[in-house]
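Student: Residue numbers for the sequence shown follow the numbering used here, beginning at 229 and rising by one. Each residue gets a CB set at the ideal place from its N, CA and C atoms; glycine is no exception. The structure's right below; bear with me while I get my questions together.
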Amino acid sequence: MSEMRTIKDMPVNDMFVSGHGACAGCGMAVAVKNIMRILGADTTVYVPASCLVVISAMYPTSNFRTPYLFTAFENTGAVTTGIRAAQRRRGLSSTVVGLAGDGGTFDIGLQALSGAAERNEDILYVCLDNEGYMNTGIQRSGATPFGAWTTTTPVGTKVEGKREFKKDIMAIIAAHDPPYAASLSIAHFNDFIKKVEKAKAKKGFRFLHVMTPCVPGWRSDPSMTVEIARMAVETGMWTLYEIEDGEARTTYKPQTMLPVTDYLKLQGRFRHMENGDVAKLQEWLCAKWYLHYGNDMEQPVCATFEKMKRVRHPHEEQLHFI
Ligand SMILES: Cc1ncc(C[n+]2csc(CCOP(=O)(O)OP(=O)(O)O)c2C)c(N)n1
Ligand code: SF4
Ligand SMILES: [Mg+2]
Numbered sequence: 229m230s231e232m233r234t235i236k237d238m239p240v241n242d243m244f245v246s247g248h249g250a251c252a253g254c255g256m257a258v259a260v261k262n263i264m265r266i267l268g269a270d271t272t273v274y275v276p277a278s279c280l281v282v283i284s285a286m287y288p289t290s291n292f293r294t295p296y297l298f299t300a301f302e303n304t305g306a307v308t309t310g311i312r313a314a315q316r317r318r319g320l321s322s323t324v325v326g327l328a329g330d331g332g333t334f335d336i337g338l339q340a341l342s343g344a345a346e347r348n349e350d351i352l353y354v355c356l357d358n359e360g361y362m363n364t365g366i367q368r369s370g371a372t373p374f375g376a377w378t379t380t381t382p383v384g385t386k387v388e389g390k391r392e393f394k395k396d397i398m399a400i401i402a403a404h405d406p407p408y409a410a411s412l413s414i415a416h417f418n419d420f421i422k423k424v425e426k427a428k429a430k431k432g433f434r435f436l437h438v439m440t441p442c443v444p445g446w447r448s449d450p451s452m453t454v455e456i457a458r459m460a461v462e463t464g465m466w467t468l469y470e471i472e473d474g475e476a477r478t479t480y481k482p483q484t485m486l487p488v489t490d491y492l493k494l495q496g497r498f499r500h501m502e503n504g505d506v507a508k509l510q511e512w513l514c515a516k517w518y519l520h521y522g523n524d525m526e527q528p529v530c531a532t533f534e535k536m537k538r539v540r541h542p543h544e545e546q547l548h549f550i
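Below is the structure:
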């Protein structure tokens with residue numbers, strides 16, 4: 229297959245077809261449609277309990293034009309391992325992909341994921357990260373960002389949204405030393421297709437982490453999904469990089485960090501956030517920014533957190549940025 233450089237080189241055959249029940253503006257549907265176009269027909273798909281199964285697999289039909297399996301919530305790493313083992317036994321070798329939500333990846337599926345990564349199973353694991361348990365009613369997950377409203381991190385006189393920061397799943401994956409791991413955005417499509425293509429071509433355990441904005445969960449306007457994904461990158465809420473052979477490499481670096489409020493104001497889930505919490509989140513982002521992009525350039529938005537540049541980030545050992 230020739231190398232895809234831009235969106236114009238994308239295959240046009242859909243393997244995830246229309247007729248599914250995703251909300252208008254669903255970032256996950258955009259991500260899955262395009263990932264499946266690149267993976268192509270010779271693919272076997274596993275989806276655990278998540279929005280994706282609800283919108284695309286009304287038994288006995290499915291929106292995938294490839295073999296498709298669904299069983300439970302916690303087992304993507306184990307089931308995809310089993311599918312690949314069965315293929316080996318039969319002398320087959322199609323791409324085996326698990327398309328799991330953040331709940332099924334960061335939380336309940338973490339042990340099966342870690343096992344598959346540590347054994348270097350020959351599978352592609354995609355985490356569709358909408359930062360909450362969306363299909364069951366917008367509960368918090370380990371991926372939910374600090375301050376966000378969810379039904380289990382409510383906003384009232386005693387609590388003001390989630391109190392913990394987002395778990396760094398890429399650092400956890402990096403600690404397994406996989407052949408390939410990358411973070412993707414639906415607002416950076418040329419970067420997106422290169423990473424999916426690279427993950428498809430490699431052997432062994434591959435992990436893709438995609439931010440997938442969710443209209444009801446993020447309380448956002450359906451027409452703003454891609455803009456929200458873009459703003460996440462410009463504010464450092466989402467960073468684009470890949471890890472290959474133990475080295476992390478940034479694939480897109482914004483010129484200047486925009487204040488996190490530019491991202492927060494696009495979503496109702498952050499509407500209640502007070503200045504103190506916004507400053508806490510900004511400080512956390514500044515530390516992450518200097519880890520991922522280096523501290524050679526002053527970021528005006530981080531001026532009040534200058535010490536962040538000197539603090540050793542807790543993930544420095546796992547992520548060797550070059
Ligand atoms: C063992 C188990 N616990 C709970 C559930 C209920 N359940 C199904 S999907 C889900 C949340 C999925 O969240 P996520 O993986 O983030 O996917 P999303 O719905 O956000 O796409 C939950 C709690 C279940 N199916 N199995
Ligand atoms: S609830 Fe969110 S993730 Fe689920 S289909 Fe709607 S927009 Fe997509
Ligand atoms: Mg989710």
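Tell me whether S369 counts as near ligand 3, meaning its Cβ is closer than 7 Å to at least one heavy atom of that ligand.
Tutor: Relative to the non-hydrogen atoms of ligand 3, the Cβ of S369 comes within a distance shorter than 7 Å of at least one.
Student: Within 10 angstroms of its Cβ, does K386 collect 16 or more other Cβ (buried), or is it exposed?
Tutor: exposed
Student: List in chain order: all unbroken beta strand (DSSP E) runs of 3+ residues lying wholly within the region 462 to 489.
Tutor: Those beta strand (DSSP E) runs which fall completely within the region 462 to 489 and span 3+ residues are 468 to 472 and 475 to 480.
Student: The alpha helix (DSSP H) spanning L509 covers which residue range?
Tutor: N503 to Y521
Student: Residues in the same chain with beta-carbon distance under 8 Å from E470, minus the five sequence neighbours each way, listed in chain order, please.
Tutor: Y408, A409, A410, S411, K423, K426, A476, R477 and T479
Student: Do M452 and V488 have their beta-carbon atoms positioned less than 8 Å apart in this structure?
Tutor: Inclusion of V488 and M452 in the CB contact set at 8 Å is not warranted, their separation being larger than that value.
Student: E302: buried (16+ other C-beta within 10 angstroms of its C-beta) or exposed?
Tutor: Under this definition E302 is a buried residue.
Student: Rounded to the nearest angstrom, how far is the Cβ of K431 from that of L267, given a contact under 8 Å?
Tutor: Taking 8 Å as the upper bound for CB-CB distance, K431 and L267 are not in contact here, some 15 Å apart.
Student: Going by C-alpha distance, which of G474, E462, E472 and M501 is nearest Y521?
Tutor: E462
Student: CB of P276 to nearest heavy atom of ligand 2: below 7 Å?
Tutor: no
Student: Secondary structure at M362, three-state DSSP: helix, strand or coil?
Tutor: Of the three classes helix, strand and coil, the one that applies to M362 here is coil, per DSSP.
Student: Would you mind sorting K493 into buried or exposed? The rule is 16 or more other CB atoms within 10 Å of its CB.
Tutor: exposed
Student: Candidates L338, Y296 and M525: which alpha carbon is nearest Q178's?
Tutor: Not covered by the structure: residue 178. The range shown for the chain is 229 to 550.
Student: For T323, list the residues DSSP reports as bridge partners.
Tutor: T271
Student: What's the gap between the Cα of N241 and the Cα of V354?
Tutor: 20 Å
Student: Across which residues does DSSP place S413 in a beta bridge pair?
Tutor: Residue pairing from DSSP places S413 in a beta bridge opposite M439.
Student: Report yes if the C-beta of D330 is less than 7 Å from at least one heavy atom of ligand 3; otherwise report no.
Tutor: yes
Student: How about T289 and M243: do their beta carbons lie closer than 8 Å?
Tutor: No.
Student: Report the residue ranges of all alpha helix (DSSP H) runs contained in full by the region 306 to 353; include only those spanning at least 4 residues, in chain order.
Tutor: 338 to 346
Student: Return the CA-CA distance between V638 and D335, expressed in angstroms with no decimal places.
Tutor: Nothing can be reported for residue 638: it is not among the residues displayed for the chain, which extend from 229 to 550.
Student: With burial defined as no fewer than 16 other Cβ atoms inside 10 Å of the residue's Cβ, what is the status of Q495: buried or exposed?
Tutor: Answer is buried; the Cβ neighbour count reaches 16.
Student: Under a three-way DSSP split, which group does V383 fall into?
Tutor: strand
Student: Less than 8 Å between the beta carbons of F374 and W512, yes or no?
Tutor: yes
Student: Any chance the CB of C279 is under 7 Å from a heavy atom of ligand 1?
Tutor: yes
Student: In the structure shown, what three-state DSSP assignment does R538 receive?
Tutor: In this prediction, R538 scores a pLDDT of 49, lower than 50, which makes its location untrustworthy; no coordinate-derived value is stated.
Student: Over what stretch of residues does the alpha helix (DSSP H) that includes C279 continue unbroken?
Tutor: C279 to S284
Student: Given 8 Å as the limit, is there contact between the region 433 to 441 and the region 378 to 392, that is, 3 or more CB pairs closer than that?
Tutor: no
Student: Let's see if you can read the secondary structure: which residues bound the alpha helix (DSSP H) around M398?
Tutor: I397 to A402
Student: Would Q527 be called buried (16 or more neighbouring beta carbons within 10 Å of its own) or exposed?
Tutor: buried
Student: Quick check: does the Cβ of A457 come within less than 7 Å of any heavy atom belonging to ligand 1?
Tutor: no
Student: Return helix, strand or coil for F420, following the three-state DSSP convention.
Tutor: helix
Student: V443 to N358, Cα distance in whole Å?
Tutor: Each residue's Cα considered, the two are about 9 Å apart.
Student: Bridge partners of E455, per DSSP?
Tutor: The partner list for E455 (beta bridge, DSSP) is empty, contrary to what the question assumes.
Student: Less than 7 Å separating the Cβ of Y361 from some heavy atom of ligand 3?
Tutor: Yes, ligand 3 has a heavy atom inside 7 Å of this Cβ.
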